[in-house]
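Visitor:
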Amino acid sequence: MIVSLHVASGAAVGAAAGSRRAAVGLGLLAHMAGDRVPHRDIPSRRFEVRSGAAVLLLVALRRGVLDPATIGAAAASAPDLEHVIPLPRPGGRKLFPSHRFHGWHREGGLPTWLQLLMAGTLAGIVLSGGSNRSGSAR
-8 MIVSLHVASG
2 AAVGAAAGSR
12 RAAVGLGLLA
22 HMAGDRVPHR
32 DIPSRRFEVR
42 SGAAVLLLVA
52 LRRGVLDPAT
62 IGAAAASAPD
72 LEHVIPLPRP
82 GGRKLFPSHR
92 FHGWHREGGL
102 PTWLQLLMAG
112 TLAGIVLSGG
122 SNRSGSAR
């Protein structure tokens, strides 16, 4: 799944979670689910990083840095950091389960244009919702 859709889906589950702790767990689960759905990837790392960062920044600015939607968005996108940051690879394999186990990440299926449309739709829903600008824990 493309990064912006990971971010947007994490924001959506985080907004529904009701707490920061639940937002982290649900964001990570959303990442795993997104990797399981057959999908096409965008070959431009620059586009992936910038579009994902833009959605995350918009959610943080609208909802607040400590809002569960922002936490969920960050958690859902964090596993893909191992694609750009050299992290330890025990046994030569990546760390996050959906990246580590052969066959979990499935190619084909959802085209990138549809994933971008879905990311924009989910982000719009989350951004139009209430905010927790005070930063208080939920």
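First residue of the sequence shown: -8, per the numbering used here; consecutive thereafter. The beta-carbon is built from N, C-alpha and C at its ideal position, and this holds for glycine as well.
Assuming contact is defined by CB atoms lying nearer than 8 Å, are G111 and P29 in contact in what I supplied?
Guide: no
Visitor: Could you please give the first and the last residue of the uninterrupted alpha helix (DSSP H) stretch that includes I62?
Guide: P59 to S68
Visitor: Please list the terminal residues of the continuous alpha helix (DSSP H) segment that includes H(-3).
Guide: V(-6) to A8
Visitor: Do A44 and G5 have their CB atoms nearer than 8 Å?
Guide: no
Visitor: Buried or exposed for P70, please, with buried defined as at least 16 other CB atoms from any protein chain shown within 10 angstroms of its CB.
Guide: Per the 10 Å Cβ criterion, buried.
Visitor: Three-state secondary structure (DSSP) at V117?
Guide: helix
Visitor: Quickly, what does DSSP pair L19 with across the bridge? List them, please.
Guide: Beta-bridge pairing links L19 to no other residue.
Visitor: Which one of L(-4), A2 and E98 has the shortest CA to CA distance from F38?
Guide: Residue L(-4) holds the alpha-carbon nearest to the alpha-carbon of F38 among L(-4), A2 and E98.
Visitor: Considering only the alpha carbon of each residue, which of V(-2), R54 and I33 lies closest to S119?
Guide: Minimum Cα-Cα distance from S119 among the listed residues V(-2), R54 and I33 corresponds to R54.
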